[in-house]
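A short write-up of the structure that comes next.
2 protein chains.
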Amino acid sequence: MEEKLVQEIPRKSENLSQWYIEVIRRAELADYAPMKGMMVIRPAGYAIWENIQRLLDKRFKETGHTNAYFPLFIPESFLKKEAEHVEGFAPEVAWVTHGGDEELQERLAVRPTSESIICAMYSKWVHSWRDLPILINQWANVVRWEKVTRPFLRTTEFLWQEGHTVHATYEDAQEEVMRILYIYKEFIETELAIKIYAGRKSDKEKFAGALATYTVEALMPDGKALQAGTSHNLGQNFAKAFDIRFEDKDQKLKYAWQTSWGVSTRLVGATIMVHGDDDGLVIPPRVAPYQIVIVPIFKMKDKETVLPVAEKIKERLKENYRVVYDPREEYTPGWKFAEWEMRGVPLRIEIGPRDIKENSVVIVRRDTREKIKVSMDELEEKTAYFLDEIQKELFRRSEKFTEENTRKTEDYEEFKHIIEEKRGFVIAPWCGSQECEMKVKEDTKATIRLIPLEEGDVEGKKCMVCGKPARHLVYFARSY
Amino acid sequence: MEEKLVQEIPRKSENLSQWYIEVIRRAELADYAPMKGMMVIRPAGYAIWENIQRLLDKRFKETGHTNAYFPLFIPESFLKKEAEHVEGFAPEVAWVTHGGDEELQERLAVRPTSESIICAMYSKWVHSWRDLPILINQWANVVRWEKVTRPFLRTTEFLWQEGHTVHATYEDAQEEVMRILYIYKEFIETELAIKIYAGRKSDKEKFAGALATYTVEALMPDGKALQAGTSHNLGQNFAKAFDIRFEDKDQKLKYAWQTSWGVSTRLVGATIMVHGDDDGLVIPPRVAPYQIVIVPIFKMKDKETVLPVAEKIKERLKENYRVVYDPREEYTPGWKFAEWEMRGVPLRIEIGPRDIKENSVVIVRRDTREKIKVSMDELEEKTAYFLDEIQKELFRRSEKFTEENTRKTEDYEEFKHIIEEKRGFVIAPWCGSQECEMKVKEDTKATIRLIPLEEGDVEGKKCMVCGKPARHLVYFARSY
Numbered sequence: 001m002e003e004k005l006v007q008e009i010p011r012k013s014e015n016l017s018q019w020y021i022e023v024i025r026r027a028e029l030a031d032y033a034p035m036k037g038m039m040v041i042r043p044a045g046y047a048i049w050e051n052i053q054r055l056l057d058k059r060f061k062e063t064g065h066t067n068a069y070f071p072l073f074i075p076e077s078f079l080k081k082e083a084e085h086v087e088g089f090a091p092e093v094a095w096v097t098h099g100g101d102e103e104l105q106e107r108l109a110v111r112p113t114s115e116s117i118i119c120a121m122y123s124k125w126v127h128s129w130r131d132l133p134i135l136i137n138q139w140a141n142v143v144r145w146e147k148v149t150r151p152f153l154r155t156t157e158f159l160w161q162e163g164h165t166v167h168a169t170y171e172d173a174q175e176e177v178m179r180i181l182y183i184y185k186e187f188i189e190t191e192l193a194i195k196i197y198a199g200r201k202s203d204k205e206k207f208a209g210a211l212a213t214y215t216v217e218a219l220m221p222d223g224k225a226l227q228a229g230t231s232h233n234l235g236q237n238f239a240k241a242f243d244i245r246f247e248d249k250d251q252k253l254k255y256a257w258q259t260s261w262g263v264s265t266r267l268v269g270a271t272i273m274v275h276g277d278d279d280g281l282v283i284p285p286r287v288a289p290y291q292i293v294i295v296p297i298f299k300m301k302d303k304e305t306v307l308p309v310a311e312k313i314k315e316r317l318k319e320n321y322r323v324v325y326d327p328r329e330e331y332t333p334g335w336k337f338a339e340w341e342m343r344g345v346p347l348r349i350e351i352g353p354r355d356i357k358e359n360s361v362v363i364v365r366r367d368t369r370e371k372i373k374v375s376m377d378e379l380e381e382k383t384a385y386f387l388d389e390i391q392k393e394l395f396r397r398s399e400k401f402t403e404e405n406t407r408k409t410e411d412y413e414e415f416k417h418i419i420e421e422k423r424g425f426v427i428a429p430w431c432g433s434q435e436c437e438m439k440v441k442e443d444t445k446a447t448i449r450l451i452p453l454e455e456g457d458v459e460g461k462k463c464m465v466c467g468k469p470a471r472h473l474v475y476f477a478r479s480y
Numbered sequence: 001m002e003e004k005l006v007q008e009i010p011r012k013s014e015n016l017s018q019w020y021i022e023v024i025r026r027a028e029l030a031d032y033a034p035m036k037g038m039m040v041i042r043p044a045g046y047a048i049w050e051n052i053q054r055l056l057d058k059r060f061k062e063t064g065h066t067n068a069y070f071p072l073f074i075p076e077s078f079l080k081k082e083a084e085h086v087e088g089f090a091p092e093v094a095w096v097t098h099g100g101d102e103e104l105q106e107r108l109a110v111r112p113t114s115e116s117i118i119c120a121m122y123s124k125w126v127h128s129w130r131d132l133p134i135l136i137n138q139w140a141n142v143v144r145w146e147k148v149t150r151p152f153l154r155t156t157e158f159l160w161q162e163g164h165t166v167h168a169t170y171e172d173a174q175e176e177v178m179r180i181l182y183i184y185k186e187f188i189e190t191e192l193a194i195k196i197y198a199g200r201k202s203d204k205e206k207f208a209g210a211l212a213t214y215t216v217e218a219l220m221p222d223g224k225a226l227q228a229g230t231s232h233n234l235g236q237n238f239a240k241a242f243d244i245r246f247e248d249k250d251q252k253l254k255y256a257w258q259t260s261w262g263v264s265t266r267l268v269g270a271t272i273m274v275h276g277d278d279d280g281l282v283i284p285p286r287v288a289p290y291q292i293v294i295v296p297i298f299k300m301k302d303k304e305t306v307l308p309v310a311e312k313i314k315e316r317l318k319e320n321y322r323v324v325y326d327p328r329e330e331y332t333p334g335w336k337f338a339e340w341e342m343r344g345v346p347l348r349i350e351i352g353p354r355d356i357k358e359n360s361v362v363i364v365r366r367d368t369r370e371k372i373k374v375s376m377d378e379l380e381e382k383t384a385y386f387l388d389e390i391q392k393e394l395f396r397r398s399e400k401f402t403e404e405n406t407r408k409t410e411d412y413e414e415f416k417h418i419i420e421e422k423r424g425f426v427i428a429p430w431c432g433s434q435e436c437e438m439k440v441k442e443d444t445k446a447t448i449r450l451i452p453l454e455e456g457d458v459e460g461k462k463c464m465v466c467g468k469p470a471r472h473l474v475y476f477a478r479s480y
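Just so you know, the protein sequences line up as chains A and B, in that order.
Residue 255 in my numbering sits at position 255 of the first sequence, with consecutive numbering throughout.
Residue 196 in my numbering sits at position 196 of the second sequence, with consecutive numbering throughout.
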């Protein structure tokens, strides 16, 4: 019966949505809370998020950022100060109206994002050019009242980091925006092994209140794009709304320039979706809750021989790796193999009586299923090697899939055909008008995911929709 | 003028409350948010919390706990399931009544603590003795609508960790409760250098819904006690309210036994209050945002000589320590000394032209103001030594102060006199009745902080209030 349970996951290739939901449940990454759209992140899922936090926080600190914590609640009047901002977020806000038995004089928004409360504080803290730059990040929960939800990818409450910086000049702010964009790209590619395209959003798709939004986009196995992180140049919009001014070196009073940027627990969802297979999760070693599972293989007569050796292996490896050791006697080795494969542990080490005689172990890769006999003397060396190889192989696959599913066309009929039949990213010429952008969305559900940072040559090219001269070659896709 | 700013802090010995507020503002640990009772934790304050998180989380993981994340919102009906629990918390709940434009069918509590939502999930997850124990912790924000607030010590929103565990037997649960209590005591004494008394709360003071609450209590410089953390044995109260049952090894269906336990950003407040002095903060090295400040001392002609040496010192030390380097030319060395002293950096390293000639530096301890000439060859060794000495010295002071202010009496008049004139802890015999407990509170504002784990001999002793035979020797104090 237990063998059967392992096989119960729908095939990823046949029904990605069902597979995704089922693998999250079976691998105990998350569970539905009894409130609409809310999720519990269980230990196996939270451990991935903790690894993401640790690895990303290190990068933020290395580039001069510090963490702080701002209030969960934002008075409605603050949210309303920046006109576009409130328009963008008000429909998804959860409102607190009572504290204890008292009705509040002004209702409080549960933060959907923190620009407005943070800017209110920055206006108190910023006086002089000496106070700049302010480079603050916050790890926090936010709430957006979503209609359609999916674990990790879109939930009413989610966890994220939000950076909020203040600068003396536009150039300094723009430099920060790009620094963070490249950190996101490098982080996701290196640690999550997911190929990233980075670029700028169209005006229609940018953050409510920003001058410009930059984005990192990844391709999911069903050919839909996923926005994995954004970095906004807020210009002086919030500085003007919240009166953030400083005396510059020339003794003139100037409005400050700001940025904000974030990634969320959505990255856990992307990691699950990109790398998993029909047998369950495949988690990149750098963020895997457990990187290695050790399964001793023994009949009762061999127990005293095998377990002490298996435990010694555990002791040797746990200094440098996250190791789980599974000597349970109520399950067969075969069941354990399937169980830990389903949970996505990158490397399995099997050790039985014959291995012990030969002073070796068997290492099994989760990504390729390759079984490798490794001498006990080379245990640490080979473990490091294969974990590194798995990380690289997962990225190679993601990169290959993404590149193979990034197509070019200048013909709108072909574009529609690709989006409908093959999906993926389609690079196409666009005149820059919102009309054409909207028409593509209505016709195909595809949106402009990004305008590339290094723009291609549009000389002589025409917008695939209206035929007017093209201003950009942009990446379209359907998206999550 | 800047020299004057440094001196502006009220004397700690003369007005602790004013000193506390002012040092938090001046050292930029926190700021008031524009909403009643809400606080912003600024980078210097948050860095202390991050160190607390890291050092405590390590201890939780070493004892088999994992982290998870449960929803911020709890339906009102869930909160009501455990009768005592809702009675205790309902008056301080912030209520969400609207999501976007819609009024909710059932209002949602912003979690004041998470027992009720977590137990709802545990009732789904627990089926068999094989599922036990569940040892989950959560790092999260919680909201309690407080009337009187004070930065870090009592705020409407605060950050904390809350552990929630499930066990098969009372004994297992009680063992967990005590394991955590000792972790808290050891952690606070080792890392925060604050002397702790650990014990059990009286029934009147226990957690709403618990069988028994255990507590770690510290003494503040004004002689008031501060509850620094609690560990609750929830018994089967929540298991019965939320139907958490498991099939035991004997195949009988049984209600599970539970614990919950937490410490909060209040610990940052305790650390500030206990160790600071008239010149500002004194932060224990283990949790200090910066452990060492390097101040190069130079006139313009020596700049090229001094700065490269100072930078080399920074490079040598920053591998193992959190170091700040302050070569700013717009401030005098004297101003910097005062500024970094106010910010509580445990160790200052001064390096000037004469030190360079002598191949040495001057190390200054924040706790004793001692200046020590150290050979450059012994830099790492001496730095480690003095940081360790400072940590120990701070604990010695806290321990001495706490012990000197822990008095015994069996006479109620003397008790009242001590509480009024000397404050501190007073150990006194108590009959165990709530009447006497209440009378002490009414007469003196002192409450029972704890019943010691190793109970003293009460043979022949009488309750200091009613004169009936004493059941316990308990620790009374006024408290925060």
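Note that the Cβ used here is the ideal one computed from N, Cα and C, for glycine as well.
In angstroms with no decimal places, state the Cα-to-Cα distance between residue i and residue j.
{"i": "Arg144 of chain B", "j": "Glu92 of chain B", "result": "5 Å"}
{"i": "Glu435 of chain B", "j": "Ser479 of chain B", "result": "20 Å"}
{"i": "Gln53 of chain B", "j": "Glu28 of chain A", "result": "25 Å"}
{"i": "Glu189 of chain B", "j": "Ser264 of chain B", "result": "16 Å"}
{"i": "Pro71 of chain A", "j": "His98 of chain A", "result": "17 Å"}
{"i": "Asp57 of chain B", "j": "Gly229 of chain A", "result": "28 Å"}
{"i": "Glu399 of chain A", "j": "Ala270 of chain A", "result": "14 Å"}
{"i": "Glu2 of chain A", "j": "Tyr46 of chain B", "result": "Confidence at Glu2 of chain A is low in this model, with a pLDDT of 47, below 50, so its placement is unreliable and no value can be given for it."}
{"i": "Lys314 of chain A", "j": "Arg348 of chain A", "result": "12 Å"}
Is the CB-CB distance between residue i and residue j below 9 Å?
{"i": "Val293 of chain B", "j": "Asp326 of chain B", "result": "yes"}
{"i": "Gly163 of chain A", "j": "Ile180 of chain A", "result": "yes"}
{"i": "Arg150 of chain A", "j": "Ile21 of chain A", "result": "yes"}
{"i": "Pro34 of chain A", "j": "Pro75 of chain B", "result": "yes"}
Can you find a C-beta in chain B that's less than 9 Å from the C-beta of residue i?
{"i": "His164 of chain A", "result": "no"}
{"i": "Ala470 of chain A", "result": "no"}
{"i": "Ala94 of chain A", "result": "yes"}
{"i": "Trp125 of chain A", "result": "yes"}
{"i": "Tyr214 of chain A", "result": "no"}
{"i": "Pro43 of chain A", "result": "yes"}
Just curious, the alpha helix (DSSP H) that residue i is in, first and last residue?
{"i": "Val177 of chain B", "result": "170-191"}
{"i": "Phe337 of chain B", "result": "333-342"}
{"i": "Asp519 of chain B", "result": "Nothing in the structure corresponds to residue 519 of chain B, since chain B is present only between 1 and 480."}
Within the 9 Å Cβ cut-off, does residue i reach chain A?
{"i": "Phe60 of chain B", "result": "no"}
{"i": "Pro133 of chain B", "result": "no"}
{"i": "Asp101 of chain B", "result": "yes"}
{"i": "Asp250 of chain B", "result": "no"}
{"i": "Glu3 of chain B", "result": "For Glu3 of chain B, the pLDDT reaches just 48, beneath the cut-off of 50, and the residue's location in the model is therefore unreliable, leaving the point undetermined."}
{"i": "Asp243 of chain B", "result": "no"}
{"i": "Arg154 of chain B", "result": "no"}
{"i": "Trp49 of chain B", "result": "yes"}
Which residue marks the beginning of the beta strand (DSSP E) containing residue i, and which one marks its end?
{"i": "Ala218 of chain A", "result": "212-219"}
{"i": "Asn359 of chain B", "result": "Where Asn359 of chain B is concerned, there is no enclosing beta strand (DSSP E), given that its DSSP letter is neither H nor E."}
{"i": "Tyr46 of chain B", "result": "Here Tyr46 of chain B belongs to no beta strand (DSSP E); instead the alpha helix (DSSP H) covers 43-62."}
Task: Contact between the region 183-192 of chain A and the region 77-92 of chain A (3+ Cβ pairs under 8 Å) - done: no
Task: Touch test, the region 339-347 of chain B against the region 361-379 of chain B, Cβ-Cβ under 8 Å, three pairs minimum - done: yes
Open item on the list: I want to know whether the region 251-258 of chain B touches the region 272-291 of chain B - three or more CB-CB distances under 8 Å.
Closed with: no
Open item on the list: Using 8 Å as the cut-off, can you tell me whether the region 417-428 of chain A makes contact with the region 458-478 of chain A, which would need three or more C-beta pairs spanning the two stretches below that distance?
Closed with: yes
Task: the region 415-426 of chain B touching the region 376-391 of chain B, judged by at least three CB pairs closer than 8 Å - done: no
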